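Asker: Dropping a structure here in structure tokens format, bear with me for questions.
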Amino acid sequence: MCFCIQNIINMEIKKIADLYNVEYRLVYQDIPSCIVFDKENACVMIEKLRFECMPILGCDVYRMKNDNVEVLLSNLYIDKNNNESYPDFLRRSCNETMDFIINYPKYKNDIFFEFVTM
């Protein structure tokens, strides 16, 4: 996805997080739209995205190590199935993302999640 488009999508996620007071963390101080959520807030954010009717296309996983961001390889990608209705895709994408986050191996408190939405 083009960085510009992803940046706009991330700004929308940030607006929703701010609207519902969901805590997040900036990945890069100079890119305010690149935000991540800890496990608890990621689960809350999934429900907010569901409420806002925003299907989740993917979830990237980061680890903070000595104030540096490390992208982990175990990411989630979700495609809309042929003939799948928008409400069904919304439900499935949120459910799969929730399962992915809940079942993600627990490290300390240094794992964060970033969402990719439609």
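Numbering (the numbering used here), first residue to last: 53 to 170. Idealized CB from N, CA, C, for every residue including glycine. As the structure is a prediction and not an experimental result, all values here were calculated from the model.
Can you find the residues in the same chain that come closer than 8 Å, C-beta to C-beta, to PHE55, ignoring five residues on each side of it along the sequence?
Answerer: Locating residue 55 in the sequence shown gives position 3, counting from the first residue. Any reading at PHE55 must be qualified, since the residue scores a pLDDT of 44, below 50, and its modelled position is unreliable; the value itself is stated next. Here the set comprises nothing.
Asker: When the distance is taken between beta carbons, is VAL113 closer than 8 Å to TYR156?
Answerer: Here the question's residue 156 lines up with position 104 in the sequence shown. Here the question's residue 113 lines up with position 61 in the sequence shown. Result yes, Cβ atoms of TYR156 and VAL113 sit closer than 8 Å.
Asker: Under the three-state reduction of DSSP, which class applies to MET106: helix, strand or coil?
Answerer: Walking along the sequence shown from the start, residue 106 turns up at place 54. Coil at MET106, not helix or strand.
Asker: Taking only three categories from DSSP, how would you classify ILE68?
Answerer: Looking up residue 68 in the sequence shown gives position 16. Of the three classes helix, strand and coil, the one that applies to ILE68 here is helix, per DSSP.
Asker: Along the beta strand (DSSP E) that carries GLU122, what are the first and last residues, could you check?
Answerer: Residue 122 sits at position 70 when you count from the first residue of the sequence shown. Unbroken beta strand (DSSP E) run through GLU122: 120-123.
Asker: Near TYR129, which residues of its chain fall below 8 Å by C-beta distance, leaving aside the five closest residues on each side in sequence?
Answerer: Counting from 1 along the sequence shown, the entry for residue 129 is found at position 77. Result list for TYR129: LEU109 and GLY110, in chain order.
Asker: Going by DSSP, what residue range makes up the beta strand (DSSP E) through PHE141?
Answerer: The count along the sequence shown starts at 1 and reaches residue 141 at position 89. Run containing PHE141: none in the beta strand (DSSP E); it sits in the alpha helix (DSSP H), 138-154.
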